[in-house]
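Residue numbers (our numbering): 5 to 123.
Beneath this line is the structure, given in structure tokens, with notes to follow.
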């Protein structure tokens, strides 16, 4: 279940931090160990979030995209849920470069074998 404490509507920075932290924590718990590159990206984003004052989640879009591309049902559900929340709260508008454009999980099986390791 997805539980987010978004009661403090008068404090967008607190909402942003709570939503991002909750989404990163949920993805971190669900992410299988075989996805080392996504884990590395997630770890760096968790650190970046600590000093993130922009209230703009566009820079984190690639993480959610890669989680969806894993085709793992739990990661897909979580990613779509949090993308929806980020968009509905106005923290994401899609105006960002897609740094994952050249990193497609299916096309790069040989380059990133840890992402494609069999279950």
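Just so you know, even glycine gets a beta-carbon here, dropped at the ideal spot from N, CA and C.
Bear in mind the structure is a predicted one, so any value in this text is a computation, not a measurement.
Using DSSP with H/G/I as helix, E/B as strand and the rest coil, what is residue 45? The residue given as residue 45 occupies position 41 in the chain shown. The answer is helix: DSSP assigns residue 45 an H, G or I state.
State buried or exposed for residue 94, treating a residue as buried only when at least 16 other CB atoms are found within 10 Å of its CB. The sequence position of residue 94 within the chain shown is 90, counting from 1. Exposed: under 16 other Cβ atoms inside 10 Å.
Below 8 Å on the Cβ atoms is my contact criterion, and I expect residue 82 with residue 31 to pass it. Report the Cβ-Cβ distance as a whole number of Å. Within the chain shown, the letter at position 78 stands for residue 82. Within the chain shown, the letter at position 27 stands for residue 31. Residue 82 to residue 31, Cβ: 6 Å. Contact.
Roughly how many angstroms separate the alpha carbons of residue 67 and residue 16, rounded to a whole number? Walking along the chain shown from the start, residue 67 turns up at place 63. Walking along the chain shown from the start, residue 16 turns up at place 12. Straight-line Cα distance between these residues: approximately 22 Å.
Is it buried or exposed for residue 89, if we count other Cβ within 10 angstroms and need 16 for buried? Numbered from 1 along the chain shown, position 85 holds the residue referred to as residue 89. By the neighbour-count rule (16 or more Cβ atoms within 10 Å), residue 89 is buried.
C-alpha distance - residue 20 paired with residue 65, whole-angstrom precision: For the purposes of this step, residue 20 is taken as the residue at position 16 of the chain shown. For the purposes of this step, residue 65 is taken as the residue at position 61 of the chain shown. The alpha-carbon atoms of residue 20 and residue 65 are separated by roughly 14 Å.
Need the endpoints of the alpha helix (DSSP H) that residue 61 sits in, please. Within the chain shown, the letter at position 57 stands for residue 61. Careful: residue 61 lies outside any alpha helix (DSSP H) and carries neither H nor E.
Going straight from the alpha carbon of residue 29 to that of residue 69, what length do you get? As a first step, residue 29 must be located in the chain shown, where it is residue number 25. As a first step, residue 69 must be located in the chain shown, where it is residue number 65. Straight-line Cα distance between these residues: approximately 16 Å.
Check whether the Cβ atoms of residue 98 and residue 60 lie closer than 9 Å to each other. On the chain shown, position 94 is the one that residue 98 refers to. On the chain shown, position 56 is the one that residue 60 refers to. It is not a contact, given that the beta carbons lie outside the stated cut-off.
Taking the alpha carbon of residue 41 as the point to measure from, which residue in 75, 77 and 71 has its own alpha carbon closest? Locating residue 41 in the chain shown gives position 37, where the first residue counts as 1. Closest by alpha carbon: 71.
Could you compute how far the alpha carbon of residue 23 sits from the alpha carbon of residue 74? Stepping through the chain shown from its first residue, residue 23 is reached at position 19. Stepping through the chain shown from its first residue, residue 74 is reached at position 70. Near 22 Å, if we compare the C-alpha coordinates of residue 74 and residue 23.
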